[in-house]
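Peer 1: Residue numbers (the working numbering), protein chains in the order written: chain A, 1 to 317; chain B, 1001 to 1317.
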């Protein structure tokens, strides 16, 4: 058994909880780390002060490795980088921005850096910037997404063999057998979002968690291609914007309709009709709000069962 | 080793070549069947007479099982159903239409029926109609596609355990390790399109094959959501329609721009700028025009290597 993701990140289980806006507070992050995975605090929806508070609470709640996800487009990202360095957070996942900006600074301060990408071009760029690993996030993923719309399976196949650093697969993963499958394709870890967003420890509003559980096939959709492709649950917010898109609305008109603070309203305050509900396609496979402990037990059981099932699969084709 | 797809279809290798318009003539179908897989003649781009000719030639070129894919929306589909019965074709894959229409008639005439679906609702409907198996085709697939945009991985996970009949995974598959992975997730066979469309034996124009080989990430896109979601290679045809879509063109306006016979112009006559080039996202992984024999050798090698690699994967997570 040789898993570079576990070695680099100093974790036992190569299962990472995505650092999601409004979901990934200290409770979720510490619970995942306590299970042996890597919990990430999601800085994207936090002011610098709130981030520092979550890091401090996370340290008290676990003695295992945890990390912080920092979206680089965020106006607070520079301050957030300073905070994770000051607080000696061991791992930072950067996303939505240029990995060259802060990677060296973080490394110089003893922080391991992983960057999130949705295509080969940025994967190679991130490797060049010196990150330790990359998250390859496919079309299935919730929230902001790649312009190429490459699915997780195709993306992993495209990148394996082209990088020296290990790959963490993300997008569409919510079952133990999928973790196994991603390892067979050559990934060395997985990042899971939606399943953890709907967990008991997620800081999301219960209405949003329930909406994830209620979602069936076709209930999430990628849209806003003119601005930045985003996957979310259908609902009033989606409907309004989708109608405008169909009529050929310009970027400016779309921005006006979107307004501000809509993810907070939907995901944190629980107004599922008017708010923006960023979540992955795999919501259709999530049917219960579970504790992190129960989720890990289930993932481990599914993983083991898939390994056993493999014994009876055709030895040749 | 117990594989219901091989048993039902009377084949050795659970690898099926999709019955693609302008690509899947008797040469491709018989070559795939001769390798032990299931070759399908694609009736979608054939008049009834041409279909009969291809069936006759296919019988001469192989003594193994082969089949015909019939898109049910095609105005010729009723005649084509009669022809496959008259010619005693052992297997028919139906797609793009109601599986209840012809399934019983085909079964009564000794034909095995498999139906292609892109969502759970139609999968259950097809099972009820009495088909022997279903093809679950995800968002990655070329040509006409499901409205839900569910990816192959998520779709398979969603359906496994909900059906009594076996599942054939399709969409985004072009490597041996992916075949293994689909079996681990619970599929019992795979249907491969793009890789075979670019094969030497495909009846597609060399310009189209070369365009598949040249394609890199992001070069195919799903569009035409207002009419019928379709994935194709970007180019002049795509550009023109995409611009109209962005300006909010109506269904009628889109149909006018599309015109008629555009897949023939692009895929069969080789005018890659003006024609419609229906192909899957996995084109980015296809880098060579190969013979069917070489493709099968490669797929088998990749499958075996992935099986070996599995031995060194973490036994638990």
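Every residue gets a Cβ at the ideal spot worked out from N, C-alpha and C, and that includes glycine.
Note that the coordinates shown come from a computational prediction; the quantities given were computed from them, not determined experimentally.
Just to confirm my understanding: we take residue 296 of chain A, look at its own chain, exclude 5 residues before and 5 after, and list those with CB closer than 6 Å. What are they?
Peer 2: So the list reads 35, once near-sequence residues are dropped.
Peer 1: Can you name the start and end residues of the alpha helix (DSSP H) that residue 1182 of chain B belongs to?
Peer 2: First-last of the alpha helix (DSSP H) with residue 1182 of chain B: 1176-1185.
Peer 1: In chain A, which residues lie less than 8 Å from residue 1303 of chain B when you measure between Cβ atoms?
Peer 2: Here the neighbours are 316 and 317.
Peer 1: Under 8 Å, Cβ to Cβ, is there at least one residue of chain B near residue 41 of chain A?
Peer 2: Not closer than 8 Å to any Cβ of chain B, the Cβ of residue 41 of chain A fails to qualify, so no.
Peer 1: Which of the three DSSP states is assigned to residue 1023 of chain B in this structure?
Peer 2: Note: residue 1023 of chain B maps to coil in three-state DSSP.
Peer 1: Counting contacts by CB-CB distance shorter than 8 Å, is residue 1313 of chain B in contact with chain A?
Peer 2: Output row for residue 1313 of chain B: interface = yes.
Peer 1: Let me see if you follow: with CB-CB separation under 8 Å, is residue 1067 of chain B close to chain A or not?
Peer 2: Output row for residue 1067 of chain B: interface = no.
Peer 1: Counting contacts by CB-CB distance shorter than 8 Å, is residue 254 of chain A in contact with chain B?
Peer 2: No, its Cβ sits nowhere closer than 8 Å to a Cβ of chain B.
Peer 1: Look up residue 1103 of chain B in the DSSP assignment and say whether it is helix, strand or coil.
Peer 2: Residue state, collapsed to three classes: helix.
Peer 1: Of all the options B:1156, B:1113 and B:1190, which has the alpha carbon lying nearest to the alpha carbon of residue 1070 of chain B?
Peer 2: For residue 1070 of chain B, the nearest C-alpha among the options comes from B:1113.
Peer 1: In three-state terms, what does DSSP make of residue 1313 of chain B?
Peer 2: Coil at residue 1313 of chain B, not helix or strand.
Peer 1: Can residue 170 of chain A and residue 190 of chain A be called in contact, C-beta distance under 8 Å?
Peer 2: Yes.
Peer 1: What does the Cβ neighbour count give for residue 1261 of chain B, buried or exposed, with the cut at 16 atoms within 10 Å?
Peer 2: Per the 10 Å Cβ criterion, exposed.
Peer 1: Hey, would you say residue 1013 of chain B sits closer than 8 Å to residue 241 of chain A, going by beta carbons?
Peer 2: Cβ distance not < 8 Å, so residue 1013 of chain B and residue 241 of chain A don't count as in contact.
Peer 1: May I have a chain-ordered list of the beta strand (DSSP E) segments no shorter than 3 residues that lie completely inside the segment 1029-1081 of chain B?
Peer 2: The segment 1029-1081 of chain B contains these whole beta strand (DSSP E) runs: 1038-1042 and 1066-1071.
Peer 1: Strictly under 8 Å for the Cβ-Cβ distance: is residue 119 of chain A near chain B by that measure?
Peer 2: Yes, contact with chain B.
Peer 1: Give me the residue from B:1246, B:1259 and B:1120 with the minimum Cα distance to residue 254 of chain A.
Peer 2: For the residues B:1246, B:1259 and B:1120, the minimum Cα distance to residue 254 of chain A belongs to B:1246.
Peer 1: Residue 1267 of chain B lies in the alpha helix (DSSP H); which residues open and close that run?
Peer 2: That residue, residue 1267 of chain B, is in no alpha helix (DSSP H); it is neither H nor E in DSSP.
Peer 1: Any chance the segment 1166-1182 of chain B sits against the segment 1051-1064 of chain B, with 3 or more Cβ pairs inside 8 Å?
Peer 2: They do not touch, by the three-pair rule.
Peer 1: In its own chain, which residues sit with a C-beta less than 7 Å from the C-beta of residue 1215 of chain B, not counting the 5 before and 5 after it?
Peer 2: Within the same chain, residue 1215 of chain B has close Cβ partners 1233, 1283 and 1284.
Peer 1: Whose CA, out of A:33, A:38 and A:77, lies closest to the CA of residue 97 of chain A?
Peer 2: Ranking A:33, A:38 and A:77 by Cα distance to residue 97 of chain A puts A:77 first.
Peer 1: If the criterion is Cβ atoms closer than 8 Å, does the pair residue 1017 of chain B and residue 1196 of chain B meet it?
Peer 2: In contact: residue 1017 of chain B and residue 1196 of chain B (Cβ atoms closer than 8 Å).
Peer 1: Is there a Cβ of chain B sitting closer than 8 Å to that of residue 99 of chain A, yes or no?
Peer 2: Not an interface residue.
Peer 1: According to the neighbour-count rule (16 or more other Cβ atoms, all chains shown, within 10 Å of its Cβ), is residue 1110 of chain B buried or exposed?
Peer 2: Burial call: exposed.
Peer 1: Report the partner residues of residue 1095 of chain B according to the DSSP bridge assignment.
Peer 2: B:1071.
Peer 1: Are the Cβ atoms of residue 1222 of chain B and residue 1139 of chain B separated by less than 8 Å?
Peer 2: Yes, the pair counts as a contact, with Cβ atoms nearer than the cut-off.
Peer 1: Relative to chain A, which residues along the segment 1169-1183 of chain B have a C-beta separation below 9 Å, given in chain order?
Peer 2: Hits within the stretch, in order: 1171, 1172, 1173, 1174, 1175, 1176, 1177, 1178, 1179, 1180, 1181, 1182 and 1183.
Peer 1: Given that residue 1154 of chain B touches chain A, what residues does it touch there, using C-beta distances under 8 Å?
Peer 2: The contacting residues are 140, 172, 281, 282, 284 and 285.
Peer 1: With DSSP collapsed to three states, give me the class of residue 133 of chain A.
Peer 2: If DSSP states are grouped into helix, strand and coil, residue 133 of chain A belongs with the strands.
Peer 1: Between the segment 1241-1266 of chain B and chain A, which residues of the former have CB atoms less than 7 Å from a CB of the latter, in chain order?
Peer 2: For the segment 1241-1266 of chain B, which is checked against every Cβ of chain A, the residues closer than 7 Å are 1246, 1247 and 1248.
Peer 1: Would you give the residue range spanned by the alpha helix (DSSP H) that residue 1154 of chain B belongs to?
Peer 2: Here the alpha helix (DSSP H) through residue 1154 of chain B covers 1152-1159.
Peer 1: So that I know if they touch, is there some Cβ in chain B lying closer than 8 Å to that of residue 15 of chain A?
Peer 2: Yes, its Cβ sits closer than 8 Å to a Cβ of chain B.
Peer 1: Whose CA, out of B:1315, B:1150 and B:1064, lies closest to the CA of residue 218 of chain A?
Peer 2: For residue 218 of chain A, the nearest C-alpha among the options comes from B:1150.
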